[in-house]
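S.K.: Before anything else, here's the structure in question.
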Amino acid sequence: MVSKVLRDGLSVYVCDRCRHGYHDAVTAERCETWCRTHQKCNVSITEKAVGQLDTS
Ligand SMILES: [Zn+2]
Numbered sequence: 010m011v012s013k014v015l016r017d018g019l020s021v022y023v024c025d026r027c028r029h030g031y032h033d034a035v036t037a038e039r040c041e042t043w044c045r046t047h048q049k050c051n052v053s054i055t056e057k058a059v060g061q062l063d064t065s
């Protein structure tokens, strides 16, 4: 499930699979659905990421 975190005062939605963060929840959901289905990232989605967050 996509998790919402605060980063530099902005909301970031994080894919639970690959930990890429996005500013909009829809893209994060697309990423997570793709990651779960294909067991890998979709570059056309992750290129929209604002960064990859570690799990800490
Ligand atoms: Zn992902």
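Residue numbers for the sequence shown follow my numbering, beginning at 10 and rising by one.
Beta carbons are placed, not taken as given, at the ideal position from N, Cα and C, and that holds for glycine.
Here's the rule: buried if 16 or more other CB atoms are within 10 angstroms of the residue's CB, otherwise exposed. What is alanine 58?
M.R.: Here residue 58 refers to the residue found at position 49 when the sequence shown is read from its first residue. The residue in question, alanine 58, is buried, as its Cβ has 16 or more Cβ neighbours within 10 Å.
S.K.: Note down the Cα distance separating isoleucine 54 from aspartate 17, rounded to an integer number of angstroms.
M.R.: For this step, residue 54 is matched to residue 45 along the sequence shown. For this step, residue 17 is matched to residue 8 along the sequence shown. Cα to Cα, isoleucine 54 sits roughly 22 Å from aspartate 17.
S.K.: Please tell me whether, using a cut-off of 7 Å, the distance from the CB of histidine 29 to the nearest non-hydrogen atom of ligand 1 is below it.
M.R.: Taking the first residue of the sequence shown as 1, we reach residue 29 at position 20. Checking the Cβ of histidine 29 against ligand 1 gives yes.
S.K.: Let me confirm a value: alanine 37 is counted as buried when at least 16 other C-beta atoms fall within 10 Å, else exposed. Which label applies?
M.R.: On the sequence shown, position 28 is the one that residue 37 refers to. Looking at its Cβ environment, which holds 16 or more other Cβ atoms inside 10 Å, alanine 37 is buried.
S.K.: Taking DSSP's pairing of strands, which residues face serine 53 in a bridge?
M.R.: Residue numbering aside, residue 53 sits at position 44 when the sequence shown is read from its first letter. Bridge partners of serine 53: none, in fact.
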